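**Student:**
Numbering (the UniProt record's numbering), first residue to last: 1 to 246.
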């Protein structure tokens, strides 16, 4: 068994008017790229972690084709929601009923991959404590982003979900993979509330994330920071190839 990660699929099979192809390369033909690259590396016994922004669908009916697309690909898949997964506003019970057999949604915040290895997944949110260097982007933004009281509430709520997921892990779990949609740490490794919590737990070896796009390759930063390997697996950054992480 191998474990792979791929974020930001942004599938639009059920809502073709929202296709990412409007942004040009590398998104031209991205549905086929995902399919062919996935089939080239992932085997049925493997696991693929999907850290959010799975589908542009607004509801579960629109998401059906995208979920089926993922379900037909090799491997067992575990996904979390991203900031564009509007379909995730449906009830957890309805989401679980809508998924094909090989696709799982981390509604409780974690899943056991083996009796001793778990994956914990939460979306997170923007925070001034977590920054990615502007120099990492192909077209750096010149606008200052405002951070509101509501943003702080959302971030703290996501941090709470992360902590509750860890608290719920069985005592037999000795190693944890974390996947978040938003970056969990600044690109230069400056400690923040998420990374400090993960480091204090002592079981986290790996953290996968996505969300950021139009990034220079190779990105300046992330990597192995104080014992945890932080890996950006946004689909356009990795040329739509699932990244083997374990």
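In this text, a Cβ means the ideal position worked out from N, Cα and C, and glycines have one as well. Owing to the predicted nature of the structure, the values given are computational and were not obtained by experimental measurement.
1. Could you say which of 10, 52, 108, 117 lies nearest to residue 3 if we only look at CA atoms?
2. Please confirm whether residue 20 and residue 50 have their CB atoms less than 7 Å apart.
3. Give the single residue among 126, 164, 207, 125 whose Cα lies nearest to the Cα of residue 107.
4. Which class does residue 107 belong to by DSSP, given the choice of helix, strand or coil?
5. If the criterion is Cβ atoms closer than 7 Å, does the pair residue 52 and residue 81 meet it?
6. Give the secondary structure of residue 131 by DSSP, where H, G and I count as helix, E and B as strand, and everything else as coil.
7. With distances taken from CA atoms, which of 102, 157, 127, 28 is nearest residue 148?
8. Can you give me the start and stop residues for the beta strand (DSSP E) that residue 77 sits inside?
9. Tell whether a beta-carbon distance below 7 Å holds between residue 213 and residue 236.
10. Given a cut-off of 7 Å on the beta-carbon distance, is the pair residue 60 and residue 90 in contact?
11. Check this for me: beta carbons of residue 124 and residue 158, under 7 Å apart or not?
12. For residue 71 versus residue 102, is the C-beta distance shorter than 7 Å?
13. Which runs of the alpha helix (DSSP H) fall wholly inside the stretch 153-204 and span at least 4 residues, in chain order?
14. What are the start and end residues of the alpha helix (DSSP H) that includes residue 4?
15. Checking the sheet assignment: what are the DSSP bridge partners for residue 21?
16. For residue 11, which beta-bridge partners are listed by DSSP?
17. When you compare the CB positions of residue 33 and residue 240, do they come within less than 7 Å of one another, or not?
18. Closest by CA to residue 177, which one among 204, 191, 183?
19. Measuring only the C-alpha atoms, how far is residue 228 from residue 63?
20. Output the boundary residues of the beta strand (DSSP E) element that contains residue 118.
21. Using CA coordinates, which residue listed in 98, 54, 242 is at the minimum distance from residue 211?
22. Do residue 193 and residue 207 count as a contact pair if the criterion is CB distance below 7 Å?
**Tutor:** With the structure as the only source:
1. 117
2. no
3. 164
4. coil
5. yes
6. coil
7. 127
8. 76-80
9. yes
10. yes
11. yes
12. yes
13. 193-201
14. Counting along the chain, residue 4 falls outside any alpha helix (DSSP H), though it belongs to the beta strand (DSSP E) covering 3-5.
15. DSSP output for residue 21 lists no bridge partner at all.
16. 55
17. yes
18. 204
19. 34 Å
20. 117-122
21. 54
22. no
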